[in-house]
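Quick note on full-length UniProt numbering: the sequence shown kicks off at 1 and runs consecutively.
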Amino acid sequence: MTTPKAPSVINPDIPPLPLPGPTFPSGSRSLSPDNSGSVSTKRLRSVPDNAMDIETTSTRTPGFSPGPTALTGLPVYSSIHAQTLPAPTTVASQDDKGKSVAFAIPERQPSPDGNATAIKSTPSRYHAAAYLRDVPDVFKAKFITNRFMCDEVNCSLSCYSSYGVRAHYDGSRDNKKILVFFNNQDDFTDCVNSPCADLLDLAFTHYFPADAKLSNKAKSLFVTNIPLFLNETQVRQAFSRYGNVIKCKLTLKKHYYNRHIQFSSANAVTQFNDIWVIICLGNSLRVCPASFSKLQRKSRREHVAILAGILKNIKEADLLEIATHVNAKALNVPLSINSYKPKPYVYLNFSSFDTLEAAKEMTVAFCGKGLTWHLPNEAHTLCHEQ
Numbered sequence: 001m002t003t004p005k006a007p008s009v010i011n012p013d014i015p016p017l018p019l020p021g022p023t024f025p026s027g028s029r030s031l032s033p034d035n036s037g038s039v040s041t042k043r044l045r046s047v048p049d050n051a052m053d054i055e056t057t058s059t060r061t062p063g064f065s066p067g068p069t070a071l072t073g074l075p076v077y078s079s080i081h082a083q084t085l086p087a088p089t090t091v092a093s094q095d096d097k098g099k100s101v102a103f104a105i106p107e108r109q110p111s112p113d114g115n116a117t118a119i120k121s122t123p124s125r126y127h128a129a130a131y132l133r134d135v136p137d138v139f140k141a142k143f144i145t146n147r148f149m150c151d152e153v154n155c156s157l158s159c160y161s162s163y164g165v166r167a168h169y170d171g172s173r174d175n176k177k178i179l180v181f182f183n184n185q186d187d188f189t190d191c192v193n194s195p196c197a198d199l200l201d202l203a204f205t206h207y208f209p210a211d212a213k214l215s216n217k218a219k220s221l222f223v224t225n226i227p228l229f230l231n232e233t234q235v236r237q238a239f240s241r242y243g244n245v246i247k248c249k250l251t252l253k254k255h256y257y258n259r260h261i262q263f264s265s266a267n268a269v270t271q272f273n274d275i276w277v278i279i280c281l282g283n284s285l286r287v288c289p290a291s292f293s294k295l296q297r298k299s300r301r302e303h304v305a306i307l308a309g310i311l312k313n314i315k316e317a318d319l320l321e322i323a324t325h326v327n328a329k330a331l332n333v334p335l336s337i338n339s340y341k342p343k344p345y346v347y348l349n350f351s352s353f354d355t356l357e358a359a360k361e362m363t364v365a366f367c368g369k370g371l372t373w374h375l376p377n378e379a380h381t382l383c384h385e386q
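So this is what it looks like as C-alpha cells:
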C-alpha cells in the first residue's frame, strides 16, 4: 500500500526562488546582442554606480594643443579636419535659409587703355588669290576637283615659313578662286611676283578681303517670305530675269525660307532700289538690297495695312491689280502655321504715311465681295477660315 505524498503548502509571505540563469555583477551590463548564453561567452563592461558623480578633469601640458575631436570625444588627426578653412568673404542672402554656398568673387582689374600702351601689335596677314578662270588648262586637267587643287597648293607653298594654315576655294563659276595668306610680306611678295613653277605656272595676285566683302554686298540681295514649297531652282530662275545669278544661299526662319542672292554685277541690284517684291509662281517674295542700312530696311515695313475678306487659296498674283490701284509697294498673304494654307487677308506695304491714308479711303472689292481695311495689330481678330 502506497503512502500518499503530503500536500505542499505555499506560503504567500515567502517569495519564490529565482529561476536558474546567468548572473551579473552589480552595476554591470551585457554587451551581447541578446541576454542568453553563459558568462564565459560574453564580454562584460563594468560601470561604477557613482560614475555620474565623478568629475573628470585633465591636466594639459603647456604648449600642447590637442587636435579636434569627433562626437565620441576621441581626437581626430585627419588632414581634412586639421586644416583650417578660410572664412568666405561673400555673405549669403538672408532669404536662402542657409542652403546656398557663399564664395568670394575676385575683382577684375580694368584693362589699360590700348592707345596709351608702350607696345601695340596687330596680326599681319597678306592675302593672295588665284582665279581659276585664269589658270592654265594643264592645271585644270591634272587637278579636276577643288580638293586636289587645294592640296597641291598646300604642298607647294609649304616651303614658305610664313604660309598660312591651308588653302581654300571661294566663289563659283567665273568667280571661283583659291585663297591663301602669308604672315610675312617678303614671302607674300615672292609668291605674287611670278607664277609658281611647281604648280604648272599657277599665278597668284593681291587679294583684299575687306574690299571683296564690300563688292559682294553691292551685288547681293536679301530675299524673305519664301514659302517652303519653293525650291532653290525655282527661286534662282525667278531672279535670273534681272541678271546673272552666281550664288543662292538658303536659310530657314520659322515657317519661311530666307535667301541670299548674289549677282555677277552690281547693276542688277540697283533696280531693286525701287522694287520691293517679285512674283515667283504666283507667290510674293520680299526683296531688299544687302547694301541697305538698318533704317532703310525698316522703312519698307513701317507703313502697313491689312485688307481682309479675300477668298480661300488666293495668292499674291491674284491681288496685283488691287495693289497697283492703291499704290502699294509690296503685298503678302500670310500662310497658316498648322495647315500652311493662305489666310483670308493680305498685308499691304506703302512708301509713306500719306499714301497709306489715301489707300484706306478707297473701297475695294474682290470677286464681287467687299473687303475691309484693318490695322496690323488686328490680325489676330480676323477669322482664318471661311
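All C-beta atoms in this analysis are idealised placements derived from N, C-alpha and C, irrespective of residue type, glycine included.
Neighbourhood of residue i by C-beta distance below 7 angstroms, restricted to the same chain and skipping five residues each side
{"i": "K130", "result": "Reading off the sequence shown, one finds Ala at residue 130, where the question assumed Lys. Result list for A130: K177, I178, L202, A203 and F204, in chain order."}
{"i": "S291", "result": "K217 and A218"}
{"i": "A266", "result": "A218 and K219"}
{"i": "N154", "result": "R166 and A167"}
{"i": "E152", "result": "F143 and L199"}
{"i": "R297", "result": "C288"}
{"i": "N283", "result": "P227, L230, K315 and E316"}
{"i": "L356", "result": "H303, A305 and F350"}
Which listed residue (the options) has its alpha carbon closest to that of residue i
{"i": "L228", "options": "P334, F208, D174 and S220", "result": "P334"}
{"i": "I279", "options": "N332, G164 and F188", "result": "N332"}
{"i": "F239", "options": "E378, L356, A268 and A102", "result": "A268"}
{"i": "A379", "options": "S156, L295, Y347 and E232", "result": "Y347"}
{"i": "F353", "options": "P289, I105 and R300", "result": "R300"}
{"i": "R173", "options": "P195, P123 and C248", "result": "C248"}
{"i": "R236", "options": "Y340, D186 and R259", "result": "R259"}
{"i": "V223", "options": "T251, A305, D190 and C196", "result": "T251"}
{"i": "I306", "options": "L319, A141 and L295", "result": "L319"}
{"i": "D190", "options": "C150, L157 and V138", "result": "L157"}
{"i": "R133", "options": "P123, N175, S111 and Q109", "result": "N175"}
{"i": "L311", "options": "V138, G370 and Y257", "result": "G370"}
{"i": "P136", "options": "K120, F148 and P195", "result": "P195"}
{"i": "Y256", "options": "S336, P112 and A102", "result": "S336"}
Own chain residues within Cβ distance below 6 angstroms of residue i, not counting five before or after
{"i": "A359", "result": "V326"}
{"i": "A308", "result": "Y345, T372, H374 and L382"}
{"i": "S264", "result": "N244 and I246"}
{"i": "R368", "result": "The sequence given here has Gly at residue 368, not Arg. Closer than 6 angstroms at the Cβ level, and outside the excluded window around G368, lies no residue."}
Which of helix, strand or coil DSSP assigns to residue i
{"i": "N115", "result": "helix"}
{"i": "F366", "result": "strand"}
{"i": "P342", "result": "strand"}
{"i": "D170", "result": "strand"}
{"i": "F182", "result": "strand"}
{"i": "L348", "result": "strand"}
{"i": "F208", "result": "coil"}
{"i": "K247", "result": "strand"}
{"i": "V153", "result": "helix"}
{"i": "F139", "result": "helix"}
Cutoff 8 angstroms; reference residue i; Cβ partners in own chain excluding five residues on either side
{"i": "I275", "result": "V287"}
{"i": "G164", "result": "R125, V180, F181, F182 and N183"}
{"i": "P123", "result": "N183"}
Inter-residue Cα distance where the pair is residue i and residue j
{"i": "N115", "j": "N146", "result": "44 angstroms"}
{"i": "V76", "j": "E107", "result": "Unreliable positioning characterises V76 in this predicted model, as indicated by a pLDDT of 48, which lies under 50. The coordinate reading is nonetheless provided below. Spanning the two alpha carbons is a distance of roughly 37 angstroms."}
{"i": "S351", "j": "F272", "result": "14 angstroms"}
{"i": "K329", "j": "Y169", "result": "40 angstroms"}
{"i": "A212", "j": "Y160", "result": "25 angstroms"}
{"i": "F366", "j": "N349", "result": "19 angstroms"}
{"i": "T324", "j": "K294", "result": "27 angstroms"}
{"i": "A210", "j": "N338", "result": "44 angstroms"}
{"i": "K140", "j": "Q185", "result": "29 angstroms"}
{"i": "N225", "j": "K254", "result": "10 angstroms"}
{"i": "D187", "j": "P110", "result": "39 angstroms"}
{"i": "G171", "j": "Y242", "result": "20 angstroms"}
{"i": "V138", "j": "S215", "result": "31 angstroms"}
Whole-Å CB distance - residue i paired with residue j, under 8 angstroms assumed
{"i": "I261", "j": "L230", "result": "That belief does not hold up - the Cβ atoms of I261 and L230 are roughly 13 angstroms apart, past 8 angstroms."}
{"i": "Y126", "j": "F181", "result": "6 angstroms"}
{"i": "I322", "j": "V277", "result": "Actually they do not touch by this definition, with Cβ atoms about 14 angstroms apart."}
{"i": "Q234", "j": "L281", "result": "6 angstroms"}
{"i": "S162", "j": "N193", "result": "With 8 angstroms as the limit, S162 and N193 do not qualify as a contact, their Cβ atoms being about 16 angstroms apart."}
{"i": "N313", "j": "P342", "result": "6 angstroms"}
{"i": "H206", "j": "A128", "result": "7 angstroms"}
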